[in-house]
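**Student:** This structure is in structure tokens; I'll ask about it shortly.
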Amino acid sequence: MNLDRKDMLGIEDLSRKEIEIILETANKFAEVTNRPIKKVPTLRGKTVICLFFENSTRTRTSFEIAGKRLSADVVNVSAQASSVKKGETLLDTAKNLQAMHPDIIVCRHSSAGACHVLARYLKNTSIINAGDGAHEHPSQALLDMMTVMQVKKKVDGLKVAIVGDITHSRVARSNIYCFQKMGASVAVVGPPSMLPCSIKDMGVDVYYNLKEGLKGADIVMMLRIQQERISHSPFPTLREYSRHYGLNNETISTLKKDVLIMHPGPVNRGVEIDPDIADGPYSLILSQVTNGVAVRMALLYLFSGVKTLDI
Ligand code: CP
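Going by our numbering, the sequence shown opens with residue 15, and the numbers climb by one from there.
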């Protein structure tokens, strides 16, 4: 099983078959992460650079752990501590890193399309998108899909509701593509100021009322308000936002008894989700994080050029 691609830039480009290959590979690596010795020689001699221009806890750490569990050499470059601070451009930075012959660069950047630029100019290095502006966060959608499939077994016919700051959410865009390709229907819910008019073109149902949007949902994904991408507040106060769009015990009581609650993190407790719900029996939040390592192991393997799955 392999993917005939140099780069992993977004879910939009992938076929259902390719998503299934990534998830099957991730399931194999999930078994490795449960062993007492969590290391396999699959990527021995390969070099992975994690080039992060934005803050990250889950994505950067799990790509690093994934690479190390596969025996790759992993180097982390944070823009804050790099020559970007001296005025070097993204492209110059990436070309200089490529000159050291890494096999894969995992990149997060605040500009939509930054990873596509790197993929176009760096002919000898695979680029994996770890989140580009408000565009896509493909590894997040894949780990979300893996987490849902562990519980529901199949996604065809499920209803997914994504709630919150859709305008600025790369997680929402990648998950809309991913869940639709796997046969689910997707609803987006939020205040009009956080739902772009163009979202309807993605084939989703749009709701401005939380209870209406969550009716019949099998999966509810709560999103953080992306304050770092917002120049002026799209609602009067956080308290007001939370009252209308936050997930709490009262809202949960109206949902399906087997509903699954997800959040990509970081969570703003008491804003988009109450602590009782984030830590409660319906929550898959920490399973999502666990599965992130297996999915990123799969991506590093599938985009490394290595053909043998030595695990
Ligand atoms: N979900 C996610 O991308 O989290 P981080 O920003 O911590 O990587």
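Glycine included, C-beta positions come from ideal geometry on N, C-alpha and C.
As the structure is a prediction and not an experimental result, all values here were calculated from the model.
Could you tell me which residues DSSP puts in a beta bridge with Lys173?
**Tutor:** For Lys173, which the question treats as bridged, DSSP gives the partners Ser199.
**Student:** Report all residues from its chain with a CB closer than 8 Å to the CB of Val338; omit the five preceding and five following residues, and keep chain order.
**Tutor:** The structure shown does not extend to residue 338, since the chain is modelled only from 15 to 325, so the question has no answer here.
**Student:** Candidates Gly171, Gly101, Thr61: which alpha carbon is nearest Met114's?
**Tutor:** Minimum Cα distance to Met114 is reached at Thr61.
**Student:** Please confirm if the segment 168-181 is in contact with the segment 46-61, defined as three or more CB-CB distances below 8 Å between the two stretches.
**Tutor:** Flag = no, the segment 168-181 and the segment 46-61 do not touch.
**Student:** By alpha-carbon positions, which one of Leu57, Val281, Ser124 ends up nearest to Tyr326?
**Tutor:** No answer is possible for residue 326: the residues shown for the chain start at 15 and end at 325.
**Student:** Let me make sure I understand the geometry here. Which of Val234, Val54, Ser96 has the alpha-carbon closest to that of Asn189?
**Tutor:** Nearest option by C-alpha distance: Val234.
**Student:** From the DSSP secondary-structure annotation, give me the bridge partner or partners of Val62.
**Tutor:** Answer by DSSP bridge pairing, in chain order: Val88, Ile118.
**Student:** For Glu286, name the three-state secondary structure that DSSP assigns.
**Tutor:** Of the three classes helix, strand and coil, the one that applies to Glu286 here is coil, per DSSP.
**Student:** Just to check my reading of the structure: Leu132 and Val91 have Cβ atoms closer than 8 Å, yes? What is that Cβ distance to the nearest angstrom?
**Tutor:** Rounded, the Cβ-Cβ distance is 13 Å, inconsistent with contact.
**Student:** Touch check for the segment 265-282 and the segment 292-300: three-plus C-beta pairs under 8 Å?
**Tutor:** Yes: the two stretches touch, three or more of their Cβ pairs being nearer than 8 Å.
**Student:** For ligand 1, list every residue whose C-beta falls under 5 Å from any of its heavy atoms, going in chain order.
**Tutor:** Working through the chain, the matches are Ser70, Thr71, Arg72, Thr73, Pro278, Gly279.
**Student:** Tell whether a beta-carbon distance below 7 Å holds between Phe317 and Ile118.
**Tutor:** Result yes, Cβ atoms of Phe317 and Ile118 sit closer than 7 Å.
**Student:** Pick helix, strand or coil for Ser256, following the three-state DSSP scheme.
**Tutor:** Reduced to three states, the DSSP call for Ser256 is helix.
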